[in-house]
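Structure, as structure tokens:
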């Protein structure tokens, strides 16, 4: 069974890019354009890994992570922060990695593999 | 709660994190925001030549120059101003902390928002182990709460919903509690009452026993109940914790662990108003430098308003 990745990102171009990248590498991909949609999808699909943008239309990434952490089933889901903001490395202290846009696809895939394969 | 916000800025990238929070507050809480910038320090009394605080250059001051700076400020924050309903820009000449305090006395804002350290940002600030002197002086004398954002990560929250009130049980902390409780009630936040038991005073090889430490924790928890919980009335969304360790680190750790989006604390808690120390107190100062969320510091005079 394919491992599931949930992309939470409001930029359609980045969503497309990540979706193609992950699908080409054998993952099942889901995407959400907002934090609320992301939480709903995470509760429904129980992803193996989440990529998280920090600046979302309805909420900031750390606040999304707080909600995720309060769900017993989801709190240990690995999260990779992908953001263009400076200081993103420290925004979600329990994230498994933080990447700045533009990011290196090989590095992202390596982190994904290390965490869910 | 926040109807008038005074955002004191150097209009450089070191204030960008503070700007993110200030503009978010203005939009979220429908507040009027005054963007305030001290453009220059006079080179000598009554001189028209000032040192521009942003560039460090000596410039001759006239209305054109003032208008130019206002326009630069408007352009610098253009993207955020576009989403803000009520705003104004003011500039002044003089020593930054005096001018910020002066306009705060006139404008009577509900809160002053500023960056933690303008000249000594990032790692340099940590090497110096001090916040910016303008912040220190404003925080010490302001008649309203001062919200400071030192790290970029502290600006990624958007609003307040989960608040830590850190106390050392001093009288100054009482003023901070009044403000924090008003805020959590008004904004319907979760409220964390937190005390850090200082164990740093112990000498090497002379640690207290664990029984002693746990007795102190129990005593502090009782004090939290007696001093603060007894004043919460019907408010039930609260939690209490006492952690032992180095106070500023425990406060920062607790806030990080609970994913809190605001820390409220008093500063200079053991000094009298007459003390002329320029620093704001080492615990508050270190929390300001290290926290992953905005920090509101409150001095004694706020509680007397």
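Chains as they are written, first to last, in this note's numbering: chain A, 4 to 120; chain B, 155 to 459.
Even for Gly, the Cβ is constructed at its ideal location relative to N, Cα and C.
This structure is a prediction, so every number in the text was calculated from the model and none was measured.
Give the straight-line distance between the Cα atoms of residue 331 of chain B and residue 288 of chain B, rounded to the nearest whole angstrom.
-> 25 angstroms
Note down, in chain order, each residue of its chain lying with its Cβ closer than 6 angstroms to the Cβ of residue 86 of chain A, except the 5 sequence neighbours on either side.
-> 56 and 57
Residue 310 of chain B - DSSP class collapsed to helix/strand/coil | Coil, per DSSP.
Taking residue 194 of chain B and residue 247 of chain B to be in contact with their CB atoms under 8 angstroms, please state how far apart those CB atoms are, rounded to whole angstroms.
-> 5 angstroms
What is the C-beta distance between residue 82 of chain A and residue 42 of chain A, in whole angstroms, given that I count them as a contact (C-beta under 8 angstroms)?
-> With a Cβ gap of about 13 angstroms, residue 82 of chain A and residue 42 of chain A do not count as contacting.
If we count the other Cβ atoms within 10 Å of its Cβ and call it buried at 16 or more, is residue 325 of chain B buried or exposed?
-> It is exposed - the Cβ of residue 325 of chain B has fewer than 16 other Cβ atoms within 10 Å.
If contact means a Cβ-Cβ distance below 8 angstroms, which residues of the region 27 to 41 of chain A contact chain B?
-> none
Hey, does residue 180 of chain B have any beta-carbon neighbour from chain A nearer than 7 angstroms?
-> Not closer than 7 angstroms to any Cβ of chain A, the Cβ of residue 180 of chain B fails to qualify, so no.
Using the DSSP secondary-structure output, state which residues sit across from residue 55 of chain A in a beta bridge.
-> Its beta-bridge partners are A/11 and A/84.
Pairwise C-alpha distance: residue 447 of chain B and residue 311 of chain B | 7 angstroms
Within 9 angstroms of chain A by C-beta, residues of the region 296 to 317 of chain B in sequence order = 305, 306, 307, 308, 309, 310, 311, 312, 313, 315 and 316
If you draw a straight line from the C-alpha of residue 114 of chain A to the C-alpha of residue 322 of chain B, how long is it?
-> 43 angstroms
Where the alpha helix (DSSP H) through residue 261 of chain B begins and ends | 250 to 261
Is the CB-CB distance between residue 2 of chain A and residue 13 of chain A below 7 angstroms?
-> Since the first residue shown for chain A is 4 and the last is 120, residue 2 of chain A is missing from the structure and cannot be characterised.
Alpha carbon to alpha carbon, what distance is there between residue 227 of chain B and residue 244 of chain B?
-> 10 angstroms
Along the chain, where does the beta strand (DSSP E) that runs through residue 414 of chain B open and close?
-> Here residue 414 of chain B belongs to no beta strand (DSSP E), and DSSP marks it neither H nor E.
What in chain B is Cβ-close to residue 57 of chain A, meaning under 9 angstroms?
-> 310
Short CB-CB distance (under 7 angstroms) between residue 101 of chain A and chain D = The structure shown contains no chain D; its protein chains are A and B.
Hey, residue 349 of chain B and residue 396 of chain B: beta-carbon distance below 7 angstroms or not?
-> yes
Is the region 384 to 391 of chain B touching the region 37 to 51 of chain A in the sense that three or more CB pairs, one from each, lie closer than 8 angstroms?
-> In short, these stretches do not touch, since the Cβ pair count stays below three.
Contacting residues, own chain, Cβ-Cβ under 7 angstroms from residue 92 of chain A (five flanking each side not counted) | 101
Per-residue burial, residue 204 of chain B [other beta carbons within 10 Å of its own, 16 or more giving buried] | buried
For a contact meaning CB atoms closer than 7 angstroms, what does residue 94 of chain A contact in chain B?
-> 307 and 310
Of the listed residues A/62, A/75 and A/51, nearest to residue 36 of chain A (C-alpha basis) = A/62
So, helix, strand or coil for residue 99 of chain A, using DSSP?
-> coil
Whole beta strand (DSSP E) elements within the region 288 to 361 of chain B, 3-residue minimum = 300 to 303, 316 to 320 and 344 to 352
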